[in-house]
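Q:
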Amino acid sequence: TIEAEAAHGTVTRHFRVHQKGGETSTNSIASIFAWTRGLAHRAKLDDNARLLDFALKLEAACVGTVESGKMTK
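So the number in the numbering used here is just where the residue sits in the sequence shown, counting from 1, plus 1.
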């Protein structure tokens, strides 16, 4: 069993605040990494090299985008 959640809180909670007109700030990279870590774990369980490769490449693309100055954390 693996559990991953972006450290900033849940997207659902933020969406509900947004629906009420409140200010929110969702960390998209944290959300992506929560998904990629889950995908990587699933890939290992299923011995799925292509899925693991996708998850790792998506993480690398996020890191590269931040490091290039095109996006902040």
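All C-beta atoms in this analysis are idealised placements derived from N, C-alpha and C, irrespective of residue type, glycine included.
Does DSSP put Ser69 in a helix, in a strand, or in coil?
A: The count along the sequence shown starts at 1 and reaches residue 69 at position 68. Note: Ser69 maps to coil in three-state DSSP.
Q: If you drop the 5 nearest sequence neighbours on each side, which residues of the same chain put their C-beta closer than 7 Å to that of Glu60?
A: As a first step, residue 60 must be located in the sequence shown, where it is residue number 59. Cβ neighbours of Glu60 beyond the five flanking positions: Phe34, Thr37.
Q: Locate the alpha helix (DSSP H) running through Ser29, then write down its first and last residues.
A: Taking the sequence shown and counting its residues from 1, the one referred to as residue 29 is at position 28. Counting along the chain, the alpha helix (DSSP H) containing Ser29 begins and ends at 29-47.
Q: Grab the span of the alpha helix (DSSP H) containing Thr13 for me, first residue to last.
A: Taking the sequence shown and counting its residues from 1, one reaches residue 13 at position 12. Unbroken alpha helix (DSSP H) run through Thr13: 12-20.
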